[in-house]
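Have a look at the structure below before the remarks.
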Amino acid sequence: MDHKRKESAQAELSQCTFAPKREASAISDMYLKRAGRKKLNPDDLFKYEDDRRKRLEIRKAIVQEIQSKELTFKPQLGEKTLKLQEKLTSRGQLKVDPVTRTVVTSPHTLKYRPKGLTDSHETHYEHGPILTIESEHPYRNNTSEYTTVHIPHAVQYIVSFDAETRTEGVYDFVRFYADETHTDYYGANKYSGM
Numbered sequence: 000m001d002h003k004r005k006e007s008a009q010a011e012l013s014q015c016t017f018a019p020k021r022e023a024s025a026i027s028d029m030y031l032k033r034a035g036r037k038k039l040n041p042d043d044l045f046k047y048e049d050d051r052r053k054r055l056e057i058r059k060a061i062v063q064e065i066q067s068k069e070l071t072f073k074p075q076l077g078e079k080t081l082k083l084q085e086k087l088t089s090r091g092q093l094k095v096d097p098v099t100r101t102v103v104t105s106p107h108t109l110k111y112r113p114k115g116l117t118d119s120h121e122t123h124y125e126h127g128p129i130l131t132i133e134s135e136h137p138y139r140n141n142t143s144e145y146t147t148v149h150i151p152h153a154v155q156y157i158v159s160f161d162a163e164t165r166t167e168g169v170y171d172f173v174r175f176y177a178d179e180t181h182t183d184y185y186g187a188n189k190y191s192g193m
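Under numbering that gives the first Met the number 0, the first residue of the sequence shown is numbered 0, with each subsequent residue one higher.
As structure tokens, then:
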């Protein structure tokens with residue numbers, strides 16, 4: 000009886016494989032031998048798979064970081080605008096609030112002077128009309144909608160998203176182009192109302 004058990008166990012062990020069968024393993028091993036490296040074992044395959052997963056996670060994190068940076072507002076002035084700003088500031092015609100970084104006074108466009116105001120550098124501005132721009136609902140996928148906004152004598156435009164605005168962080172965004180060629184844009188590349 001013991002003899003039969005030993006024979007069946009031996010037969011079972013002879014059919015077992017203790018390493019995975021790799022396709023074209025003989026050719027791979029031949030190239031490894033030529034390169035002076037040892038044959039691959041299962042631990043090498045598991046280590047390679049773990050390294051591959053880590054590399055993919057790092058790439059995914061980098062892509063997410065790049066996408067989030069694209070949607071972050073970082074105002075940058077062009078070279079000509081920066082020179083103009085420096086010139087106006089040195090003349091005292093332009094004042095910028097250091098905390099909010101908004102223009103307090105600038106050259107007189109659309110100015111009015113209430114009674115009793117004598118300071119020639121003090122400039123007041125009137126708020127222009129509010130323009131509401133809304134896309135059609137429900138909006139179509141993969142579409143670009145362009146709206147031209149031009150108000151004569153405007154010193155600045157203030158853009159705000161409605162509190163009810165919900166956009167996808169990567170695919171739904173607003174871009175402010177300098178003209179109708181849609182090549183140069185103002186400020187950051189993309190703005191989202193999320």
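The beta carbon of each residue, even a glycine, is placed where N, CA and C say it ideally should be. If you're wondering where the values come from, they're calculated on a predicted model, not measured in any experiment.
Exercise for the section: Give me the Cα-Cα distance between S7 and S24, rounded to the nearest whole angstrom. Expected result: Whole-angstrom Cα-Cα distance: 30 angstroms.
Problem - Close Cβ partners of Y184 (< 8 angstroms) along its chain, the five nearest in sequence each way excluded - result: Cβ-Cβ distances below 8 angstroms link Y184 to R174, F175, Y176 and A177 in the same chain, with the five nearest sequence neighbours on each side left out; the list follows chain order.
Problem - Inter-residue CB distance, L130 and V148 (contact presumed, cutoff 8 angstroms) - result: Rounded to whole angstroms, the Cβ separation of L130 and V148 is 6 angstroms, and the two are in contact under 8 angstroms.
Practice task
Kindly indicate which residue of E163, R139 and H126 has the alpha-carbon position closest to the one of H152.
Solution key: Looking at the Cα atoms, H126 is the closest of the given residues.
Problem - Any non-hydrogen atom of the ligand MG within 7 angstroms of E85 CB - result: With respect to small molecules bound, the structure shown includes none, and the ligand MG cannot be examined in it.
Practice task
Grab the span of the alpha helix (DSSP H) containing L81 for me, first residue to last.
Solution key: For L81, the enclosing alpha helix (DSSP H) starts and ends at E78 to R90.
Handout entry: Buried or exposed (CB count within 10 angstroms, at least 16 for buried), E179
Key = With fewer than 16 Cβ atoms within 10 Å of its Cβ, E179 is classed as exposed.
Problem - Exposure of Q14, with buried meaning 16 or more beta-carbon neighbours within 10 Å - result: Counting of Cβ neighbours within 10 angstroms places Q14 among the exposed residues, the total staying below 16.
Handout entry: In DSSP terms, what Y176 is bridged to
Key = Beta-bridge pairing links Y176 to Y184.
Problem - One or two residues paired with Y190 in a DSSP bridge - result: The partner list for Y190 (beta bridge, DSSP) reads V173.
Exercise for the section: Helix, strand or coil for H126, going by three-state DSSP, please let me know. Expected result: Here H126 sits in coil by DSSP.
Exercise for the section: Identify, in the order they occur along the chain, each residue of the same chain with its Cβ nearer than 8 angstroms to the Cβ of F45, setting aside the five sequence neighbours on each side. Expected result: Within the same chain, and ignoring the five residues on either side of F45 in sequence, no residue has its Cβ closer than 8 angstroms to its Cβ.
Handout entry: Extent of the continuous alpha helix (DSSP H) run through R4
Key = It spans D1 to Q14 - the alpha helix (DSSP H) in which R4 sits, taken as one unbroken run.
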